[in-house]
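K.L.:
First the structure, which I've put down as structure tokens, then a few questions once you've had a look.
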Amino acid sequence: MTTRRDRRGHGLRGPLARPGVPVMRTRRDRFDELVLDAVETLERRLDTTLGLELAVEEVPPSDPAPWEHGVALGRLFPAERDVPARLVVYRRPVVHRAADETELAALVTEVVVEQVARMLGRDPDDLV
109 MTTRRDRRGH
119 GLRGPLARPG
129 VPVMRTRRDR
139 FDELVLDAVE
149 TLERRLDTTL
159 GLELAVEEVP
169 PSDPAPWEHG
179 VALGRLFPAE
189 RDVPARLVVY
199 RRPVVHRAAD
209 ETELAALVTE
219 VVVEQVARML
229 GRDPDDLV
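Numbering of the sequence shown is given in the working numbering, commencing with residue 109 and proceeding in unit increments.
Shown next, in the form of structure tokens:
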């Protein structure tokens, strides 16, 4: 049995990242973490678990809700029978409106707060 080697006889390459070195996260992963952080911060501020399903989608569907004007940044689907409420944040429209990472984090938080405020029937300013 022969061992496969590269054409210069140096053997196979090692892992892409050394043990203990974090593997690079994608922009999509960082955005998902921003959404999770925003919800966790809001739950701590309200001192309650919201019981939301979270989702991140690339773009909103082409059929906006009647109350939505322009491009939706997020959408809340209310709870029904056995299905909990679902909060969806649309990544591309949010990223497009942010100039840098700090502004992106603030915009994600704003979208999450607005949607949760709608779910709770409260003013978004009361949740901040």
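Every residue gets a Cβ at the ideal spot worked out from N, C-alpha and C, and that includes glycine. Please read these numbers as outputs of a predicted model, since none were measured by experiment.
Give a yes or no on contact between the region 217-231 and the region 142-150, applying the rule of three or more CB pairs nearer than 8 Å.
P.N.:
As far as the Cβ criterion goes, the region 217-231 touches the region 142-150, which means the pair count is three or higher.
K.L.:
What span of residues does the beta strand (DSSP E) with residue 165 cover, start to end?
P.N.:
Looking at the DSSP string, the run of the beta strand (DSSP E) that includes residue 165 is 161-165.
K.L.:
Can you find a CB in chain B that lies within less than 8 Å of the CB of residue 200?
P.N.:
Absent from the structure: chain B. Only one protein chain is present.
K.L.:
Using alpha carbons as the reference points, say which of 196, 179 and 225 lies closest to residue 140.
P.N.:
Of 196, 179 and 225, the residue nearest in Cα terms is 196.
K.L.:
So which of 162, 189, 200 and 145 has the shortest CA-CA distance to residue 180?
P.N.:
Ranking 162, 189, 200 and 145 by Cα distance to residue 180 puts 200 first.
K.L.:
The alpha helix (DSSP H) with residue 196 in it runs from where to where?
P.N.:
Here residue 196 belongs to no alpha helix (DSSP H); instead the beta strand (DSSP E) covers 194-198.
K.L.:
From residue 161 to residue 226, what distance separates their C-alpha atoms?
P.N.:
For residue 161 and residue 226, the distance between alpha carbons rounds to 15 Å.
K.L.:
For my contact list, residue 202 and residue 216 are in at a C-beta cut-off of 8 Å; report their separation, rounded to the angstrom.
P.N.:
Between residue 216 and residue 202 the Cβ distance is about 6 Å, and since that is below 8 Å, they are a contact.
K.L.:
At what residues does the beta strand (DSSP E) containing residue 184 begin and finish?
P.N.:
Here the beta strand (DSSP E) through residue 184 covers 182-185.
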